[in-house]
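Number of protein chains: 2
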Amino acid sequence: MTYCIGLLLRQGLVMVADTRTNAGVDNISTFRKLQVFQREDRLVAVATAGNLAVTQSVVSHMVEGLEDEHGELQTVYTVPTMLQMAEFTGRAVRFVAERDAEALKKDGSTFDCSLLLAGQIDERRLRLFMIYRAGNFLEATEDTAYLQIGEHKYGKPIIDRSVTFETSLDEALKLALISMDSTMRSNLAVGLPIDILVLPRGSLTPSVNLRIGQDDPYFEHVRNRWSDALREAHMSIPNPPYGH
Amino acid sequence: MTYCIGLLLRQGLVMVADTRTNAGVDNISTFRKLQVFQREDRLVAVATAGNLAVTQSVVSHMVEGLEDEHGELQTVYTVPTMLQMAEFTGRAVRFVAERDAEALKKDGSTFDCSLLLAGQIDERRLRLFMIYRAGNFLEATEDTAYLQIGEHKYGKPIIDRSVTFETSLDEALKLALISMDSTMRSNLAVGLPIDILVLPRGSLTPSVNLRIGQDDPYFEHVRNRWSDALREAHMSIPNPPYGH
Numbered sequence: 001m002t003y004c005i006g007l008l009l010r011q012g013l014v015m016v017a018d019t020r021t022n023a024g025v026d027n028i029s030t031f032r033k034l035q036v037f038q039r040e041d042r043l044v045a046v047a048t049a050g051n052l053a054v055t056q057s058v059v060s061h062m063v064e065g066l067e068d069e070h071g072e073l074q075t076v077y078t079v080p081t082m083l084q085m086a087e088f089t090g091r092a093v094r095f096v097a098e099r100d101a102e103a104l105k106k107d108g109s110t111f112d113c114s115l116l117l118a119g120q121i122d123e124r125r126l127r128l129f130m131i132y133r134a135g136n137f138l139e140a141t142e143d144t145a146y147l148q149i150g151e152h153k154y155g156k157p158i159i160d161r162s163v164t165f166e167t168s169l170d171e172a173l174k175l176a177l178i179s180m181d182s183t184m185r186s187n188l189a190v191g192l193p194i195d196i197l198v199l200p201r202g203s204l205t206p207s208v209n210l211r212i213g214q215d216d217p218y219f220e221h222v223r224n225r226w227s228d229a230l231r232e233a234h235m236s237i238p239n240p241p242y243g244h
Numbered sequence: 245m246t247y248c249i250g251l252l253l254r255q256g257l258v259m260v261a262d263t264r265t266n267a268g269v270d271n272i273s274t275f276r277k278l279q280v281f282q283r284e285d286r287l288v289a290v291a292t293a294g295n296l297a298v299t300q301s302v303v304s305h306m307v308e309g310l311e312d313e314h315g316e317l318q319t320v321y322t323v324p325t326m327l328q329m330a331e332f333t334g335r336a337v338r339f340v341a342e343r344d345a346e347a348l349k350k351d352g353s354t355f356d357c358s359l360l361l362a363g364q365i366d367e368r369r370l371r372l373f374m375i376y377r378a379g380n381f382l383e384a385t386e387d388t389a390y391l392q393i394g395e396h397k398y399g400k401p402i403i404d405r406s407v408t409f410e411t412s413l414d415e416a417l418k419l420a421l422i423s424m425d426s427t428m429r430s431n432l433a434v435g436l437p438i439d440i441l442v443l444p445r446g447s448l449t450p451s452v453n454l455r456i457g458q459d460d461p462y463f464e465h466v467r468n469r470w471s472d473a474l475r476e477a478h479m480s481i482p483n484p485p486y487g488h
């Protein structure tokens, strides 16, 4: 399982992804699901959820390249705009689907794959997309400033209540970590370490691009403090009057 | 969609269920999903999730009766123990599955049904079961004092963090309402009114058995206060140190 969230805010982009993969509960591994591709003209971040064999192939083909409609080889480093990057990513998904979907179906499995794609190229607009397994995609907007893939439900309520387009990057990262903590507590298949990326709007250099592991004191503090705060929060609400 | 939760605590039983049903987002109705069957020797509560045509039939047959292995007609009012009531409910599910599952499958639909069954008969132990669509079931224990059916994920984190077997009935009802609120905010197919039942352990008479509608001042207060408290809670956590 996987949980990844991307938030596109006035101040910039926040992405958070876990690293746990599992083939059954008895086969758990750590794989990077949030990848960052950087050149002087661009920063492109890709987070993946679904069948790991599928998503690895999709990302590998984005790096190795796919021919466009004119027969030119395009890669994550050459596609000229983020909209075209979303289309390119969708083509990579369809390329792997064509290769693997039938065999997966025969094997009783499904072609399962979704991605968050975000970034900026040159002076163009910072954008955040979600790419579906059919290769189609949607984009985050000011109205709904975040997108999630994977095990999204446990961590959605806190985001729904607290994040708007105007939320600051620091606050959004904190809330994304709380959202990740809620998910990890309820689904063992989502786990540490966590990769985080913060990209201020207008910049091609992340202000944060690191991995949070077992011993990270801030994340540990968030986890404990959030539990306490939730307890205090529901204690502060009076008991129901019904039946009294 | 549906969200129902049952909590079996040292002090007794709490059940909360919404009433919204939908066949597509353009066809939304209100149906009671939490039903209470009471006689001088028993109180039995049944909450249902899944295909409404299926769950209505299951409950109807529990009331109208099904023959047991000796050819005797049993109903929700005659089955002598809660364990046998769980088996009886499972048989009612299988009875309807035999009648409808094939036709539903042909129609491209699925036989979808799960129930919470709780209550006490005579001086016996108060028990809480979840019955699956295959008619099998599991029981809440002191280790995991609650069971959920339907759209369970949005409302699970607050319960996971806050409810134990020792939680008081008032506190548990409050938490179940917070859990319901989280679910309603994230899934439009779960909605008011909400039916609630509280049964103190050892009693066959509920201390609370009522419906919360649009204008319930306490639930309104919970919703607003919880939003504020969550905001205060995450504001009280310092911003991430990363990148500073």
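For the protein sequence lines, the chains are A and B, in the order given.
For the first sequence, the working numbering begins at 1 and goes up steadily by one.
For the second sequence, the working numbering begins at 245 and goes up steadily by one.
Every residue gets a Cβ at the ideal spot worked out from N, C-alpha and C, and that includes glycine.
Rounded to whole angstroms, the gap between the alpha carbons of residue 478/B and residue 116/A is 25 Å.
Distance from the CA atom of residue 484/B to the CA atom of residue 475/B, rounded to whole angstroms, is 17 Å. Straight-line spacing of the CA atoms in residue 293/B and residue 327/B works out to 21 Å. About 5 Å separates the Cβ atoms of residue 169/A and residue 11/A, confirming a contact at the 8 Å cut-off. Chain B places a beta carbon closer than 8 Å to that of residue 171/A, counting this residue as a contact. Using a CB distance cut-off of 8 Å, residue 156/A counts as an interface residue toward chain B.
Within chain A, the C-beta atoms nearer than 9 Å to that of residue 474/B come from 157, 158, 161, 162, 229, 230, 233, in chain order. For residue 487/B, the neighbours in chain A by C-beta distance under 7 Å run, in chain order, 198, 207, 208. At a cut-off of 8 Å between C-beta atoms, residue 350/B does not count as an interface residue with respect to chain A. Under DSSP, residue 161/A forms no beta bridge with any residue. Here the segment 274-281 of chain B does not lie against the segment 420-429 of chain B, with fewer than 3 beta-carbon pairs under 8 Å apart. In terms of beta-carbon proximity, residue 236/A lines the interface with chain B, with at least one pair separated by less than 8 Å. Counting other Cβ atoms within 10 Å of its Cβ, residue 342/B stays below 16 and is therefore classed as exposed. In chain order, 82 place their CB closer than 6 Å to the CB of residue 127/A, counting only its own chain and leaving out the 5 sequence neighbours on each side. Residue 407/B is not a Cβ neighbour of residue 375/B, given a cutoff of 8 Å. A distance below 7 Å between beta-carbons, with the five flanking residues on each side excluded, links residue 191/A to the following residues of its chain, in chain order: 18, 20, 184. Close to chain A, meaning a Cβ-Cβ distance shorter than 7 Å, are the following residues of the segment 422-434 of chain B: 422, 426, 429, 430.
Judged by DSSP secondary structure, residue 444/B falls within the beta strand (DSSP E) whose first and last residues are 438-444. Counted as a single uninterrupted DSSP element, the beta strand (DSSP E) harbouring residue 3/A occupies residues 3-9. Nearest CB-CB separation between residue 127/A and chain B: not below the 8 Å threshold. Beta-carbon to beta-carbon, residue 248/B and residue 352/B are separated by about 26 Å, too far to satisfy the 8 Å threshold. The beta carbon of residue 437/B sits no closer than 8 Å to any beta carbon of chain A. If you look at residue 169/A, you'll find it in the alpha helix (DSSP H) that goes 169-186.
With respect to the C-alpha of residue 487/B, the residue from 238/A, 112/A, 212/A having the closest C-alpha is 212/A. Close partners of residue 466/B in chain A (Cβ separation under 7 Å): 237.
About 35 Å separates the Cβ atoms of residue 157/A and residue 304/B, ruling out a contact at the 8 Å cut-off. Chain-ordered, the chain A residues with CB closer than 7 Å to the CB of residue 419/B read 234.
Within chain A, no C-beta atom comes less than 9 Å from the C-beta of residue 324/B; the nearest is roughly 29 Å away.
Residue 54/A: member of the alpha helix (DSSP H) spanning 52-64, first to last residue.
Contact between the segment 450-467 of chain B and the segment 214-225 of chain A is absent: fewer than 3 CB-CB pairs across the two stretches fall below 8 Å.
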